[in-house]
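First residue of the sequence shown? That's 0 in numbering that gives the first Met the number 0, and the numbers climb one at a time after it.
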Amino acid sequence: MYAKMKIMDTEPFIDFEGQRVVVSGATSGIGEAITLMLDRCNATVILLGRNSDKLARIRKKIRSEKHTTLMIDLNELEAINGEIRKAAREYGPIYGLCHAAGIVETRPLDAFNMATFQSMININLTAGLELAKAVCRRDVMSKEGGSVLFISSIYSNVGMPGQIGYCATKGGVVSAARAMAVELARRNIRVNCLSPGLVRTPMTDVALSKLPPEHVEQLEKSHPLGTGKPEDVAMAAVFLLSPQNRWATGTNFVVDGGYSAK
């Protein structure tokens, strides 16, 4: 017979006390929701963004005074490593990273534009890899190990007209994270992806505004539980990042209101 677990004797299910987590895209949408949820779970958050006013706005919404902001334009890839190392020297070792920053451009194949595609590659994929490289340095990350989470998309698994570039970059994120999970497991660093369905954020609202109303209605109806909120994704994100979640790595966790179950 298995021994019964004494629930009251265990640590809190999700508690980041004493752990620093870097969050990119922290000033809006899913990134903002993840930042606020990490704050509720006692994490010390390093908020990444390129707009000082937006960073200050989010800083006022979180409870703790221990959080810090870091102004980084993720298009300037060569600056990422130095800024993260500087933050670690100033504030202490970093436990985790959530790369929530992302951009989307709706373009069918006959309007495919390499400059636009390159900008999606830079933010959605390359900047995330540069952040992971910087955070996972031995002189930056906690010696005990840590956790890296990439916010991908359900479009890493399914196709969608007009989203060729977005699907390509988000699919690349999932593949890269899987390889990183295997490579970094020896250092007790977990690497996972989270793939949301249609979540109503400022970015998705802009993308949806370029589609016919009937197409938007069809997308909304294709999610059996309805469209998502940023908080729905944030709940899953803190679970995957959690120090108590020691055995999940190399996975792509889908949170899409049943979209891909059909």
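Heads up, the beta-carbon is just placed ideally off N, CA and C, and yes, glycines get one too.
Inter-residue distance for G227 and C166 is about 19 Å (C-alpha atoms, whole angstroms). For the pair of segments examined, the region 102 to 112 was found to touch the region 197 to 211: the number of CB pairs separated by less than 8 Å reaches three.
Contact check between the region 208 to 218 and the region 24 to 44: fewer than three CB pairs, one atom from each, fall below 8 Å, which does not count as touching.
In the DSSP assignment, I45 falls outside any alpha helix (DSSP H) and lies within the beta strand (DSSP E) extending over T43 to G48. D255 and C97 have their alpha carbons spaced roughly 19 Å apart.
Bridge partners of H66 according to DSSP: none are assigned. Within 10 angstroms of the beta-carbon of Q217 lie fewer than 16 other beta-carbons, which makes it exposed. Following the DSSP letters along the chain, one finds I83 in no beta strand (DSSP E) but inside the alpha helix (DSSP H) bounded by residues L76 to Y90. In this chain, H214 is not harboured by any beta strand (DSSP E); it is covered by the alpha helix (DSSP H) spanning P212 to K220. Take G24, set aside five residues on each side of it, and the residues of its chain with a beta-carbon closer than 6 Å to its own are G30, A99 and A100, in chain order.
Buried is the label assigned to S152, since at least 16 other Cβ atoms lie within 10 Å of its Cβ.
Of the candidates K142, E129 and F238, K142 places its Cα closest to the Cα of P92. Judged by their CB atoms, A175 and T248 are not nearer to each other than the 8 Å cut-off.
Cα atoms of L54 and S27: separation of roughly 9 Å, rounded to the nearest angstrom. T168 and M113 do not touch by the CB rule: their CB atoms are close to 13 Å apart, not below 8 Å.
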